[in-house]
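Asks: Chains as they are written, first to last, in this note's numbering: chain A, 1 to 225; chain B, 1 to 225.
Dumping the structure here so I can ask a few things about it.
2 protein chains.
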Amino acid sequence: MTDTRYTVAVIGGTGPQGKGLGYRFAKNGHDIVLGSRAAEKAEAVAAEVTERLAGVAGAGTAKGAANADAIAAADVVLLAVPYDGHDELVASLAGDLAGKTVISCVNPLAFDKRGAHGRVINGGEGSAAELAPEATVVGAFHNVAAPLLWGEDEFLDEDVIVVGDSADGKQVAIDLAASVTGRPGVDGGKLRLARVLEPFTAVLISINRKYKTHAGIRVTGLGEH
Amino acid sequence: MTDTRYTVAVIGGTGPQGKGLGYRFAKNGHDIVLGSRAAEKAEAVAAEVTERLAGVAGAGTAKGAANADAIAAADVVLLAVPYDGHDELVASLAGDLAGKTVISCVNPLAFDKRGAHGRVINGGEGSAAELAPEATVVGAFHNVAAPLLWGEDEFLDEDVIVVGDSADGKQVAIDLAASVTGRPGVDGGKLRLARVLEPFTAVLISINRKYKTHAGIRVTGLGEH
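Set out below in structure tokens:
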């Protein structure tokens, strides 16, 4: 883990996952720019985050901007958008994302009367993370429980598994994970394993429904890593 | 969790996962029949398990038999075979398996220079568990670390996630999980979610390689369940 202070653009920053993760990053010293299609909407949510950060020692700043402006202001971009419309949005931002470290926590899920399940992408040989454009793409934060992110616990009792093909890109997400869990993220291997992390969220949703909870996962056997 | 004492046939009972799970079941009071193509091979491994059970209060028995005989002697069948040859083996045992509760812990994985990854089954809409025959099929025990099963720890610091379309079938695996983890298994939803649990093992293998450990997962947020 490094002590780098990042500036993170959160695309989908007005949704529960993006807002919650952005809040956690800022609470732990990183600067965030929440992005939305409409700058005013992002600014309103940023103001809400800023209010919660009042009095937090060492907190970073929270701003809001239109997506492209948010990305331009940041080194790291968190994609926290719904899967519906994901491909079009990413394509429309391709030029802005080029050269950035992009962390995707997008979960391509479908729901029917049998519950949540993963959507099949590229005949089973693809994932939302692999659809991202020319950038250093990392998959992480798929499985964290959004309601807990915006909650009162200092850290979530979960681990963040990080996958990617760039060690530098993974290190960014491993560092940022500590803002959420109090521990660095866990290096889970290559980017193609996002094909597993994304639909694993469907298992957690099933557990949540059955046990009336916000389930997460921890990786055991690591000791202090 | 119920206190039912099961008789479990372990197909693939001479491999590390089958032998290790069978040992844990028997150590905690269930009777096991390890199955193999060759009865003598299964009997030799059963003798090895029996030796380890000596002096364990309340332990069940461990026997070995040819696969079909093992299944005939049991109410519950654990499929713990390698994915290579899985379909043919299951087809050859279809008549024997009919009407049984079948628990599949089969992991369809592939390995290349980029590491372990999930094999695509039915264009992403299938899993080894879903290929099992006319039986009450449940997916469970995919992610437990075989070396720890045969090790000295009383229980593994992991959770067993159970998926299936039959509540009764899931209950069997939920009960048996307590032999491995000291806690009942976690109901993870419908059988089709085996499509996630099976390749998740590739993530754990990647973590094992990186951190030189035997990683597992725990589900957080459940409290006592």
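Glycine included, each C-beta is placed from N, C-alpha and C at the ideal position.
Return the residues of the region 122–136 of chain A that lie within a Cβ-Cβ distance of less than 9 Å from chain B, sorted by chain order.
Replies: Against chain B - using a Cβ distance shorter than 9 Å - the residues of the region 122–136 of chain A are 122, 123, 124, 125, 126.
Asks: I'd like the list of long-range same chain contacts for residue 86/A, defined as Cβ closer than 7 Å, with 5 residues on each side in sequence excluded.
Replies: Cβ neighbours of residue 86/A beyond the five flanking positions: 106, 128.
Asks: Quick test of your reading: residue 50/B and residue 66/B, contact by CB under 8 Å. State the CB separation rounded to the nearest angstrom.
Replies: Actually they are not in contact, since the Cβ atoms of residue 50/B and residue 66/B sit about 18 Å apart, beyond 8 Å.
Asks: Do the region 155–173 of chain A and the region 34–45 of chain A touch if we need at least three Cβ pairs shorter than 8 Å?
Replies: The region 155–173 of chain A vs the region 34–45 of chain A: no contact.
Asks: Output yes if chain A places a C-beta closer than 8 Å to the C-beta of residue 180/B; else output no.
Replies: With 8 Å as the cut-off, residue 180/B does not count as an interface residue toward chain A.
Asks: Could you tell me whether the Cβ of residue 104/B comes closer than 8 Å to any Cβ of chain A?
Replies: Answer no: the Cβ-Cβ gap between residue 104/B and chain A never drops below 8 Å.
Asks: Terminal residues of the continuous beta strand (DSSP E) containing residue 79/A?
Replies: Note, residue 79/A: beta strand (DSSP E), 76–79.
Asks: In chain order, what are the residue ranges of uninterrupted beta strand (DSSP E) at least 3 long that sit wholly in the region 76–107 of chain B?
Replies: DSSP runs (the beta strand (DSSP E)) wholly in the region 76–107 of chain B: 76–79, 101–104.
Asks: With a Cβ-Cβ cutoff of 8 Å, do residue 194/B and residue 130/B count as a contact?
Replies: Going by C-beta atoms, residue 194/B is nearer than 8 Å to residue 130/B.
Asks: Just reading off the beta strand (DSSP E) that residue 174/B is part of, what are its end residues?
Replies: Taken as a continuous stretch (DSSP letters only), residue 174/B belongs to no beta strand (DSSP E), being part of the alpha helix (DSSP H) at 167–181.
Asks: So, is residue 158/B buried or exposed, given that buried needs 16 or more other C-beta atoms within 10 angstroms?
Replies: Buried, since its Cβ has 16 or more Cβ neighbours within 10 Å.
Asks: Using a Cβ-Cβ cut-off of 8 Å, state whether residue 215/B counts as contacting chain A.
Replies: Cβ-Cβ to chain A under 8 Å: yes for residue 215/B.
Asks: Can you check whether the CB of residue 173/B is closer than 8 Å to the CB of residue 138/B?
Replies: Contact: yes.
Asks: Could you check where the beta strand (DSSP E) with residue 206/B kicks off and where it finishes?
Replies: Taken as a continuous stretch (DSSP letters only), residue 206/B belongs to no beta strand (DSSP E), being part of the alpha helix (DSSP H) at 194–211.
Asks: Run through chain A and tell me which residues come within less than 9 Å of residue 206/B, C-beta to C-beta.
Replies: Under the 9 Å cutoff, chain A gives 163, 187, 188, 189, 190, 193.
Asks: Rounded to the nearest angstrom, what separates residue 203/A and residue 114/A at their Cα positions?
Replies: Roughly 12 Å separates the two Cα atoms.
Asks: Beta-carbon of residue 222/A versus every beta-carbon of chain B: anything under 8 Å?
Replies: By this cut-off, residue 222/A is an interface position.
Asks: Which of the three DSSP states is assigned to residue 49/B in this structure?
Replies: Helix, per DSSP.
Asks: Less than 8 Å between the C-beta atoms of residue 108/B and residue 123/B, yes or no?
Replies: It is not a contact, given that the beta carbons lie outside the stated cut-off.
Asks: Throw me the rounded Cβ distance for the residue 175/B and residue 4/B pair, which I believe falls under 8 Å.
Replies: Going by Cβ atoms, the distance from residue 175/B to residue 4/B rounds to 6 Å, so yes, they are a contact pair.
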